[in-house]
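Colleague: My questions will all concern the structure given below.
4 protein chains.
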Amino acid sequence: MPQMMKAAIFVEPGRIVLDEKKVPDPGPLDALVRITTTTICGTDVHILKGEYPVAKGLTIGHEPVGIIEKLGSAVEGFEEGQRVIAGAITPSGISNACLCGCHSQDGAGTKHGFKPLGGWRFGNTIDGAQAEYVLVPDAMANLAPIPDGLEDEQVLMCPDIMSTGFSGAESGAVKIGDTVAVFAQGPIGLCATAGARLMGATTIIGVDTVPARMEIARAMGADHVVDFKAVDPVEEIMRLTDGRGVDVAIEALGTQPTFEAALRVLRPGGTLSSLGVYSGDLTLPLAPFCAGLGDHTIRTTLCPGGKERMRRLMEVIASGRIDTRPLVTHRYALDDIESAYDLFSHQRDGVLKIAIQP
Amino acid sequence: MPQMMKAAIFVEPGRIVLDEKKVPDPGPLDALVRITTTTICGTDVHILKGEYPVAKGLTIGHEPVGIIEKLGSAVEGFEEGQRVIAGAITPSGISNACLCGCHSQDGAGTKHGFKPLGGWRFGNTIDGAQAEYVLVPDAMANLAPIPDGLEDEQVLMCPDIMSTGFSGAESGAVKIGDTVAVFAQGPIGLCATAGARLMGATTIIGVDTVPARMEIARAMGADHVVDFKAVDPVEEIMRLTDGRGVDVAIEALGTQPTFEAALRVLRPGGTLSSLGVYSGDLTLPLAPFCAGLGDHTIRTTLCPGGKERMRRLMEVIASGRIDTRPLVTHRYALDDIESAYDLFSHQRDGVLKIAIQP
Amino acid sequence: MPQMMKAAIFVEPGRIVLDEKKVPDPGPLDALVRITTTTICGTDVHILKGEYPVAKGLTIGHEPVGIIEKLGSAVEGFEEGQRVIAGAITPSGISNACLCGCHSQDGAGTKHGFKPLGGWRFGNTIDGAQAEYVLVPDAMANLAPIPDGLEDEQVLMCPDIMSTGFSGAESGAVKIGDTVAVFAQGPIGLCATAGARLMGATTIIGVDTVPARMEIARAMGADHVVDFKAVDPVEEIMRLTDGRGVDVAIEALGTQPTFEAALRVLRPGGTLSSLGVYSGDLTLPLAPFCAGLGDHTIRTTLCPGGKERMRRLMEVIASGRIDTRPLVTHRYALDDIESAYDLFSHQRDGVLKIAIQP
Amino acid sequence: MPQMMKAAIFVEPGRIVLDEKKVPDPGPLDALVRITTTTICGTDVHILKGEYPVAKGLTIGHEPVGIIEKLGSAVEGFEEGQRVIAGAITPSGISNACLCGCHSQDGAGTKHGFKPLGGWRFGNTIDGAQAEYVLVPDAMANLAPIPDGLEDEQVLMCPDIMSTGFSGAESGAVKIGDTVAVFAQGPIGLCATAGARLMGATTIIGVDTVPARMEIARAMGADHVVDFKAVDPVEEIMRLTDGRGVDVAIEALGTQPTFEAALRVLRPGGTLSSLGVYSGDLTLPLAPFCAGLGDHTIRTTLCPGGKERMRRLMEVIASGRIDTRPLVTHRYALDDIESAYDLFSHQRDGVLKIAIQP
């Protein structure tokens, strides 16, 4: 094992650069994982642009696929050399938040044990996965062995995209026979579409405008795809549902228009499941909100993490129910990650997700 | 039985008057109930002011306590002369909405079986309870016999105030050991306080400023009462919870400041249970909404109805767990209902609820 | 419309005969439906054998597909000539049981509003569907129009088999990534398999021994099929799950060995979802029951009914998610129903379900 | 700190003796707690009698109240000298079981992460609390500071009795207005009664025969107490509920007659919540089980643990909602614990719980 490694480091707003860093040494509960594949997330672009603040010098990235290089002294149940993933969210398991099932808001070490977004550590509060090595904290709660026969790119979406996307359907409590609309068919929206399909929705309507995404949407499970530039998506969804509206509306972009459209197509008693990261205050318009009397549920969800979640998502892949490889549209070496950021942040060339390989 | 009766009728915005109407004849599934006690709701004031539109000539009121005068030809299981109540919401039981448990959004007779607020019929889409007689539709689903030994005023809050207030705690899924804040301690907020207590919350914080309401709040179960004119309620609740915030925040007024304050005191992963009737668009401020990543739930609830709900609420009263009689601060004859509206709409004389007796 | 019709009538244990009956006249809330296709259920065989007592002279059958012939005077929202189905369970919607979501235990007309199995009326407490005509009670809650383009045999499983089978997965609260075992792959077990698949289970293990059923099991969604005569099913399931056991075990036969095996393969904290109709006391063996400390859930479910349920199931068919036509292995004219009973009750000729056409 | 301590040690069936042991040294994640008060549980008597096997030489007891003496090197967020409790169940937080909310079946270190009863370690798989000192494993997940002002005996029931008893009501999903029967009013049954009251049940029926327990039952929240030696409890409960039966039946003894009676008084669609530790196979009688068609739920629950659970239970005490001190009927020095076992195992002198103080 070398002593130095390459890592994509946040320098200042507008600049993420590949630089050298010391390979870290695992504490008692950590695991050092050699990254074999990772990827760039929309959140990383928020960081790049300075819209989401992180410490200067931090390694970015929260989607690790790799091999256990070294286990902390107190870590049991794993072996060096195992192929593993870890979730974007790495809960401690021991905080008050975790102990009541709210792992993503993990407040380990805080006074009350709850901390907003506290479970998100990689590339946020600790060094992340866009590097040759990453330290996985609370390794026993977070390392998930990759089932035999699955390649890196097959499980690359599990740490974040698939976990988040599926949670959109899960938080919407999609039931057999439901009608579901998914606003935006980027990687997370596509996985929300797949999740709704997997949970038994029978009419799934994806909304986007990029032809390639609209096409993949059908492959991922959408029964209808609405081009919001060609038609008014609210009107079109009401037409497709014959005026009934949807049981569950999933927001997967993070904007007022999509949030509001999700509410406007929701039937009374329905659930708006929100995945997007918003950048400003949101407005709940009075009429579709039924003045507060519509028995509506609005739920927001941060990507579920932990090894059990990862295990289940990899089971989905291993079972052949869903294949997320079509989401990987580009491949770059870690050495070229700055170019990958350039491509991804400008959404050029029909990019969905980029596999980064050290 | 007389052929004509007195009824409080909506004439035009600003005018609800007592006038004569024909006593209606029950259809096959209806029951004619002779009102012995009813009351005026905040919603009726919205109607009075023209803020919530109803048909001219409609009898107002949705909180009936009375005696079965005559049963429709197809109604079985009840007897004339029985003392009964019916909920403010009178679900049909047979619509698609009802069949999936969404009784308040009952769309009986509509194409898809869902209709926003469709379960609310009394004093909204059919003649209401501020009269000598009222027709209860779908009587078999809605008539609830009053247990022996309970007086009219003991059950007068069941049809709406108590059902709505309790639902604030129920939709918040209050659990043993929860900390709950209830914004506004009017009749519904007071019952939300009582509901949170009844479900096992161990720290209940009521917010209001009217001394009489603040006092009753303690009697209904509040551990702390915050005067929002004396202190900043968000700061005070954070202080009372030692910075932790609340597990469940119940909004019981219907304004942006209370809605927003409810969100601001909510811990990550918590539930904002909204009961208020809003009169304008709402804003979800970015930071307390955690930019959409706080695993929050926002639920709105319209008063649950139906005879099973009424039965359970009357059981609460009969068991002595809660006494809602202190909410009845005034009593008027039906003949004087116009004065009662005047008092109630101006919230004079410390009024909470007015018992109206024909 | 003729005045007399043919109907399969229970005469005495061992004898169900085709006889003539008067075509009934619908009461105000009923609908008269002309049967176009129906089928025989295992429960009907229990009735035939005298194991489940019904009144002599009762028309048997609870799986109607047909055309509305005549609507009761108070029935709105439907039209004569519409193609419809009704569920095996026909809830009133108005009892206390229905009003709290427990439609199958509908106690309309009883003192407390709950009655064991009370929602099951067709061929149990009122005349059933193995006839030229059937009266559908509480028609507004129970008639479900067949979507355009679906043929009778495509929706024939919806009233009972599919509703029951799916409920096995639903009551088991199957989640994405679950491992599920389904004991017995008769028609209901096959639909439980399909339901588990539809809800996101990623390892589904069907248990049976009849080759044809084992083959269809794979088509309906099983990842593994265990022949309980070739291997010990508990051992084999533990082997297939690498010693982990299953998250949800579905019992779809109604015997002690299958019930017990379901418990034996269940992981701690798992759910045993029981669909079978048992004919004797059951034993919960101490060790797999963890002496009562395994955080287990055992749930029994009676077929969900009502028009909203039927609508959703037909949506599943219309969406192409599942095709239940392979379950129809035989076709008989109503005139030959006695032969159909003979074939079905002896489970000859690989029979799964028989379509009966008047 | 002395190097040796006294501890109640299992020697062989029939013999638990007070002996000397080395004071253990905390590992990195442990905390050494000096016991100030502990108690004896019915489970300990099972161990004493050899009915539940544990290793010879093991220190018994799983209900620690004490003071942090020494923290493991990796433990953060606590201070030596803090007064704390830990639950009878001490989940790791990091196993697959824990990560999906099934903390009591914690399988940390096992292949799949689930282990029956795995969360129960004190006095079962590791040394317990009937000693001068106890090592709390996974201290960060399990140490719960005692709120100021609460004495040892006020929180002594939290680690097991109250957590288990309340879980009987919680697993029964008791709702406002429910009718609940609790079979046996020993310490756990009494807390189940209190839990049902705390969650909003309005008719609570306790069953026992010991006069002192029947009296405390009323103080803990029972509306009716049935003496099963004076009357048939099933008949009496059906009489008290006017033939309706109960919504939730809680079994808190662990015998066939109480389990069966719980089923017999359950309404269709109701929940049997089982807390008892059974010592033989159980029988589910056919008729009250509705032959498997009653939409029943049977749930077993092992005492919930972890610091968040303990925090909430102590909140219940601190709020004054419930006082469990009346359950402490006797007090013994640790030196006299053999006599305490003698008294407790023979249930002499009206004993409910014995406070043991080193």
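Chains as they are written, first to last, in the UniProt record's numbering: chain A, 1 to 358; chain B, 1 to 358; chain C, 1 to 358; chain D, 1 to 358.
Don't be surprised by glycine CBs; every beta carbon is placed ideally from N, CA and C.
Could you work out which residues of chain A lie near residue 359 of chain D, taking near to mean beta carbons separated by less than 7 angstroms?
Modeller: This structure leaves residue 359 of chain D out entirely; chain D is present only between 1 and 358.
Colleague: Would you tell me roughly how many angstroms separate the C-alpha atoms of isoleucine 250 of chain D and leucine 313 of chain B, rounded to the nearest one?
Modeller: Taking the straight line joining both Cα atoms gives about 23 angstroms.
Colleague: Does leucine 266 of chain D have its Cβ less than 8 angstroms from a Cβ in chain C?
Modeller: So no, leucine 266 of chain D is outside the interface.
Colleague: To which residues does DSSP link phenylalanine 10 of chain A through a beta bridge?
Modeller: According to DSSP, phenylalanine 10 of chain A bridges with A:Ile16.
Colleague: Secondary structure at tyrosine 341 of chain C, three-state DSSP: helix, strand or coil?
Modeller: Reduced to three states, the DSSP call for tyrosine 341 of chain C is helix.
Colleague: Could you tell me the alpha carbon to alpha carbon distance between threonine 38 of chain A and leucine 302 of chain C, rounded to whole angstroms?
Modeller: About 48 angstroms.
Colleague: Kindly indicate if chain B contains any beta-carbon less than 8 angstroms away from that of leucine 240 of chain D.
Modeller: Cβ-Cβ to chain B under 8 angstroms: no for leucine 240 of chain D.
Colleague: Does glutamate 170 of chain B come within less than 8 angstroms of chain D when only Cβ atoms are used?
Modeller: With 8 angstroms as the cut-off, glutamate 170 of chain B counts as an interface residue toward chain D.
Colleague: Does the beta carbon of aspartate 25 of chain B come closer than 8 angstroms to any beta carbon on chain D?
Modeller: It does not: the Cβ of aspartate 25 of chain B has no partner Cβ on chain D nearer than 8 angstroms.
Colleague: Closest to proline 326 of chain A by CA distance: which of A:Asp208, A:Pro91 and A:Leu156 is it?
Modeller: Closest option to proline 326 of chain A, Cα to Cα, is A:Leu156.
Colleague: Within a Cβ cutoff of 6 angstroms, which residues of the same chain sit near glycine 61 of chain C, ignoring the five residues on either side of it in sequence?
Modeller: Thr38, Gly123, Gly128, Ala129 and Gln130, listed in sequence order.
Colleague: Name, going along the chain, the residues of the stretch 135-161 of chain A whose beta-carbon falls closer than 8 angstroms to a beta-carbon of chain D.
Modeller: Result list: Asp138, Met140 and Ala141.
Colleague: According to DSSP, which residues form a beta bridge with proline 145 of chain D?
Modeller: Per DSSP, D:Val84.
Colleague: Considering only heavy atoms of the ligand ZN, does any lie closer than 7 angstroms to the CB of aspartate 160 of chain D?
Modeller: Looking for the ligand ZN in the displayed structure turns up nothing, as the structure carries no ligands at all.
Colleague: Is there at least one Cβ from chain B nearer than 8 angstroms to isoleucine 176 of chain D's Cβ?
Modeller: It does: the Cβ of isoleucine 176 of chain D has a partner Cβ on chain B nearer than 8 angstroms.
Colleague: May I ask you to report which of helix, strand or coil DSSP gives glycine 177 of chain A?
Modeller: Correct three-state label for glycine 177 of chain A: coil.
Colleague: Would you say serine 319 of chain D lies against chain B (beta-carbon separation less than 8 angstroms)?
Modeller: Chain B contact via Cβ: present.
Colleague: Can you pull out the residues from the stretch 215-237 of chain A whose beta carbon lies closer than 7 angstroms to at least one beta carbon of chain C?
Modeller: Here the close residues are Asp223.
Colleague: Starting from the Cα of isoleucine 47 of chain A, find the closest Cα among A:Ala287, A:Ala173, A:Ile322 and A:Val11 and give me that residue.
Modeller: Of the candidates A:Ala287, A:Ala173, A:Ile322 and A:Val11, the one whose C-alpha sits nearest the C-alpha of isoleucine 47 of chain A is A:Val11.
Colleague: Taking only the alpha-carbon atoms, compute the straight-line gap between isoleucine 354 of chain C and cysteine 41 of chain B and give it to the nearest angstrom.
Modeller: Distance between the alpha carbons of isoleucine 354 of chain C and cysteine 41 of chain B is about 58 angstroms.
Colleague: Here's the rule I'm using: 16 or more other beta-carbon atoms within 10 Å means buried, otherwise exposed. How should serine 73 of chain D be labelled?
Modeller: So serine 73 of chain D ends up on the exposed side.
Colleague: What residue from C:Val234, C:Cys98, C:Gly189 and C:Ala55 has the CA that sits closest to methionine 214 of chain C's CA?
Modeller: Among C:Val234, C:Cys98, C:Gly189 and C:Ala55, the Cα nearest to that of methionine 214 of chain C is on C:Gly189.
Colleague: Does valine 246 of chain A come within less than 8 angstroms of chain B when only Cβ atoms are used?
Modeller: Judged by the 8 angstroms Cβ criterion, valine 246 of chain A is not in contact with chain B.
Colleague: Per DSSP, which one or two residues make a beta bridge with alanine 249 of chain D?
Modeller: Answer is D:Ala181 and D:Leu272, bridged to alanine 249 of chain D.
Colleague: Which value, in whole angstroms, describes the spacing of the CA atoms of isoleucine 204 of chain B and valine 180 of chain B?
Modeller: Looking at the two C-alpha atoms, the distance is approximately 5 angstroms.
Colleague: For the stretch 75-92 of chain C, which residues have a CB atom closer than 9 angstroms to at least one CB atom of chain B, in sequence order?
Modeller: Cβ contacts with chain B: Glu76, Gly77, Pro91 and Ser92.
Colleague: Would glutamine 154 of chain A be called buried (16 or more neighbouring beta carbons within 10 Å of its own) or exposed?
Modeller: Per the 10 Å Cβ criterion, buried.
Colleague: Can you tell me whether glycine 269 of chain A is buried or exposed, with buried defined as 16 or more other CB within 10 angstroms of its CB?
Modeller: By the neighbour-count rule (16 or more Cβ atoms within 10 Å), glycine 269 of chain A is buried.
Colleague: Is the Cβ-Cβ distance between valine 225 of chain A and glycine 254 of chain A less than 8 angstroms?
Modeller: It is not a contact, given that the beta carbons lie outside the stated cut-off.
Colleague: Excluding the 5 residues flanking valine 316 of chain C on each side, which residues of the same chain have their C-beta closer than 6 angstroms to its C-beta?
Modeller: So the qualifying residues of the chain are Ile322.
Colleague: Going by alpha carbons, who is nearest to methionine 220 of chain A out of A:Pro187, A:Val210 and A:Glu236?
Modeller: For the residues A:Pro187, A:Val210 and A:Glu236, the minimum Cα distance to methionine 220 of chain A belongs to A:Pro187.
Colleague: When DSSP labels each residue in this structure, what does methionine 199 of chain A get in the three-state scheme?
Modeller: Coil at methionine 199 of chain A, not helix or strand.
Colleague: Inspect the beta-carbon positions of glycine 350 of chain A and serine 273 of chain A and report whether they are closer than 8 angstroms.
Modeller: It is not a contact, given that the beta carbons lie outside the stated cut-off.
Colleague: In whole angstroms, what is the alpha-carbon distance linking threonine 59 of chain C and lysine 49 of chain C?
Modeller: Approximately 15 angstroms, taken between the alpha carbons.
Colleague: Could you give the residue range of the beta strand (DSSP E) that holds alanine 169 of chain B?
Modeller: No beta strand (DSSP E) holds alanine 169 of chain B; the alpha helix (DSSP H) holding it covers 163-171.
Colleague: Is it right to say lysine 6 of chain A is buried, meaning 16 or more other beta carbons lie within 10 angstroms of its own, or is it exposed?
Modeller: Classification for lysine 6 of chain A: buried.
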